[in-house]
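Just so you know, the sequences run in chain order A, B and C.
Using our numbering, the first residue of the first sequence is number 1, and each one after it goes up by one.
Using our numbering, the first residue of the second sequence is number 123, and each one after it goes up by one.
Using our numbering, the first residue of the third sequence is number 245, and each one after it goes up by one.
Ideal Cβ placement from N, Cα and C applies to all residues, glycine included.
First comes the structure, then the notes that go with it.
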Amino acid sequence: MTEEIYRHIPEIKKIKSGIAHIFIKHTSASLTINENADPSVRIDMETHFNNMIPENMPYYEHDTEGSDDMPAHLKSVIIGSSISIPITNGKFNLGTWQGIYLCEHRNYGGSRNIVITIMGDE
Amino acid sequence: MTEEIYRHIPEIKKIKSGIAHIFIKHTSASLTINENADPSVRIDMETHFNNMIPENMPYYEHDTEGSDDMPAHLKSVIIGSSISIPITNGKFNLGTWQGIYLCEHRNYGGSRNIVITIMGDE
Amino acid sequence: MTEEIYRHIPEIKKIKSGIAHIFIKHTSASLTINENADPSVRIDMETHFNNMIPENMPYYEHDTEGSDDMPAHLKSVIIGSSISIPITNGKFNLGTWQGIYLCEHRNYGGSRNIVITIMGDE
């Protein structure tokens with residue numbers, strides 16, 4: 001996702017020191033930063049979250065939209081709806097292995113809306 | 123909580139583009155954004171967190187303030203002590219179903235203190 | 245960690261109202277705010293996270309760097325790679341019991357790099 005953001009927000013290049021705030025306008029998807037090199041990290045992350053927050057727990061009352069409804073809300077609370085990344089000399093100041101993840105928690109999620117706010121000194 | 127914040131911080135209305143940072147000054151309560159329409163989401167969230175982080179785990183050493191003491195610290199770490207929300211044209215730029223949750227993790231919590239910081243261009 | 249940050253970033257003292265953003269450039273360590281008085285909180289936090297996210301789960305595929313590799317990524321996603329703290333009159337506006345935690349999730353982690361960004365009005 002990192003490259004997509006650079007393309008859509010060319011203003012990042014002008015910031016000498018600042019912060020990019022990225023916010024997802026949904027309660028069943030989330031944003032995080034994680035290891036971006038080995039695709040197996042994403043697979044294990046999904047498996048472990050499904051294990052920690054399973055579908056069809058007998059105590060779920062909220063299931064109007066199906067068995068993945070409440071688990072999606074729980075995952076989005078735990079992972080979070082926004083990330084903030086430092087900008088240094090026109091670039092995200094991320095570690096070598098860090099990349100931005102958009103986590104989809106519905107089994108059949110639609111398109112997702114994001115708001116990006118850039119703050120800092122040019 | 124969203125309406126309460128608008129009432130206490132009328133400065134939000136003046137911000138064209140910015141961020142509201144909301145911070146809770148406690149280690150046994152937390153802030154998050156979640157589905158705000160169906161009250162059963164709150165019930166399921168509490169039940170699932172109590173399941174994932176139970177009271178009276180035999181390995182807890184920190185229980186000076188009772189069996190809900192350590193679980194409250196763990197929940198506050200997982201959910202988080204602050205949220206940041208984009209402001210666009212004088213309003214929180216939240217999704218249709220998103221609302222602000224103040225999560226109380228003690229069984230008998232007292233009043234809670236919050237610091238709200240508004241940044242952005244008028 | 246709080247005292248160390250004051251020492252390295254004397255600019256905090258000049259800020260009347262603002263935010264400190266602290267970001268860790270790694271995917272196997274994290275930052276959070278928690279109870280800073282009783283050292284048993286740290287012990288219980290580590291024990292509970294190891295319980296919730298164990299090593300050697302049969303479904304982990306990502307284990308190139310050992311059995312603590314994938315659990316470290318999962319813990320860092322759940323706890324988070326950044327915190328934001330309000331600054332009021334030249335000081336972090338933290339609650340009485342709040343302190344900054346740098347959480348190391350590798351069994352033998354090396355040194356860690358952090359980026360601190362200060363925003364606000366002098």
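**Where A:LEU31 meets chain B, residues with beta-carbon distance less than 9 Å** = Per Cβ cutoff of 9 Å: no residues; A:LEU31 is ~11 Å from chain B at best.
**chain D contact residues for C:MET363, given Cβ-Cβ distances below 9 Å** = Chain labels in this structure do not include chain D; the protein chains are A, B and C.
**Item:** Rounded straight-line distance, which links the Cα of B:VAL163 to that of C:THR332
**Value:** A direct Cα-to-Cα measurement between C:THR332 and B:VAL163 gives close to 35 Å.
**Prompt:** Quick one: any contact between the stretch 141-153 of chain B and the stretch 25-43 of chain A, if contact means 3 or more CB pairs under 8 Å?
**Reply:** Using a C-beta cut-off of 8 Å, the stretch 141-153 of chain B makes no contact with the stretch 25-43 of chain A, since fewer than three inter-stretch Cβ pairs fall below that distance.
**Asked** What three-state label does DSSP hand A:ASP121 in the structure shown?
**Response** Reduced to three states, the DSSP call for A:ASP121 is strand.
**Message:** Closer than 8 Å is the cut-off here; do at least three beta carbon pairs connect the stretch 296-315 of chain C with the stretch 347-361 of chain C?
**Reply:** When Cβ pairs closer than 8 Å are counted between the two stretches, the stretch 296-315 of chain C is seen to touch the stretch 347-361 of chain C, the count reaching three or more.
**Asked** CA-CA distance, B:TYR182 and C:ASN294?
**Response** One Cα belongs to B:TYR182, the other to C:ASN294, and the distance between them is close to 13 Å.
**Request:** May I ask you to list the residues that DSSP assigns as paired with A:ALA20?
**Result:** Looking at the DSSP assignment, A:ALA20 forms a beta bridge with A:ILE85 and A:ILE118.
**Prompt:** Does the pairing of the stretch 325-345 of chain C with the stretch 245-256 of chain C give three or more beta-carbon distances under 8 Å?
**Reply:** The answer is yes - the stretch 245-256 of chain C touches the stretch 325-345 of chain C, with three or more Cβ pairs under 8 Å.
**Message:** I need the straight-line Cα distance from B:ASN215 to B:ILE131, nearest angstrom please.
**Reply:** In this structure, the alpha-carbon of B:ASN215 lies about 16 Å from that of B:ILE131.
**Prompt:** What distance in whole Å lies between the Cβ atoms of C:ILE259 and C:GLY334, which are believed to be in contact at a cut-off of 8 Å?
**Reply:** Indeed, because the Cβ distance is near 6 Å, the residues count as touching under 8 Å.
**Prompt:** Can the beta-carbon of B:SER233 be found closer than 8 Å to that of B:LEU153?
**Reply:** With respect to B:LEU153, B:SER233 sits apart: the two C-beta atoms are not nearer than 8 Å.
**Helix, strand or coil at C:TYR303 [DSSP, three-state]** = In the displayed model, C:TYR303 falls within coil according to three-state DSSP, outside both helix and strand.
**Message:** Cβ closer than 7 Å: which chain C residues qualify as neighbours of A:ILE79?
**Reply:** Simply VAL321.
**Message:** Strictly below 8 Å CB to CB, what residues from chain B border C:MET289?
**Reply:** By Cβ distance, chain B contributes HIS195, LEU196 and VAL199.
**Asked** Whose C-alpha, out of A:THR27, A:VAL115 and A:THR96, is nearest the C-alpha of A:GLU65?
**Response** Of the listed residues, the one whose Cα sits closest to A:GLU65 is A:THR27.
**Prompt:** Mind checking if B:PRO208 is an interface residue toward chain A, Cβ cutoff 8 Å exclusive?
**Reply:** Output row for B:PRO208: interface = yes.
**Request:** Taking all protein chains shown into account, decide if A:SER67 is buried (16 or more other Cβ within 10 angstroms of its Cβ) or exposed.
**Result:** By the neighbour-count rule (16 or more Cβ atoms within 10 Å), A:SER67 is not buried but exposed.
**Asked** What in chain C is Cβ-close to B:HIS130, meaning under 9 Å?
**Response** Residues of chain C passing the Cβ test: none, with the nearest at roughly 15 Å.
**Message:** Suppose the cutoff is 7 Å on Cβ atoms and the five residues either side in sequence are ignored; what does the same chain contact list for A:VAL115 look like?
**Reply:** These residues qualify, in order along the chain: PHE23 and LYS25.
**Asked** Is A:SER30 helix, strand or coil by DSSP?
**Response** In the three-state reduction of the DSSP assignment, A:SER30 falls in the strand class, which pools E and B.
**Asked** List, in order along the chain, the chain A residues whose C-beta lies closer than 7 Å to that of B:LEU224?
**Response** Taking the beta carbon of B:LEU224 as reference, no residue of chain A falls within 7 Å; the closest one sits roughly 13 Å away.
**Prompt:** Looking only at DSSP bridge pairs, what is A:TYR101 linked to?
**Reply:** A:THR32.
**Request:** Please classify C:LYS335: does DSSP put it in a helix, a strand, or coil?
**Result:** Note: C:LYS335 maps to strand in three-state DSSP.
**Prompt:** Expressed to the nearest angstrom, what Euclidean distance is found between the alpha-carbon atoms of C:ILE322 and C:GLY339?
**Reply:** Their Cα atoms are separated by approximately 22 Å.
**Message:** Does B:LYS197 pass the burial test, meaning 16 or more other C-beta atoms within 10 Å, or should it be called exposed?
**Reply:** Sixteen is the threshold: when 16 or more other Cβ atoms of the shown chains lie within 10 Å of the Cβ of B:LYS197, as they do, the residue is buried.
**Prompt:** From which residue to which residue does the alpha helix (DSSP H) around C:GLU255 run?
**Reply:** Where C:GLU255 is concerned, there is no enclosing alpha helix (DSSP H), given that its DSSP letter is neither H nor E.
**Prompt:** Who are the neighbours of C:SER326 on chain A, taking C-beta pairs under 9 Å?
**Reply:** Simply ILE33, ILE83, SER84, ILE85 and PRO86.
**Prompt:** If you draw a straight line from the alpha carbon of A:MET45 to that of C:HIS317, how long is it in whole angstroms?
**Reply:** Their Cα atoms are separated by approximately 8 Å.
**Asked** Should A:ASP69 be labelled buried (16 or more other beta-carbon atoms within 10 Å of its own) or exposed?
**Response** Classification of A:ASP69: buried, given that the 10 Å Cβ count is 16 or more.
**Through-space distance from A:GLU11 to B:MET241, alpha-carbon basis** = Each residue's Cα considered, the two are about 18 Å apart.
**Asked** C:LYS319 lies in the alpha helix (DSSP H); which residues open and close that run?
**Response** Segment 313-323, the alpha helix (DSSP H) holding C:LYS319.
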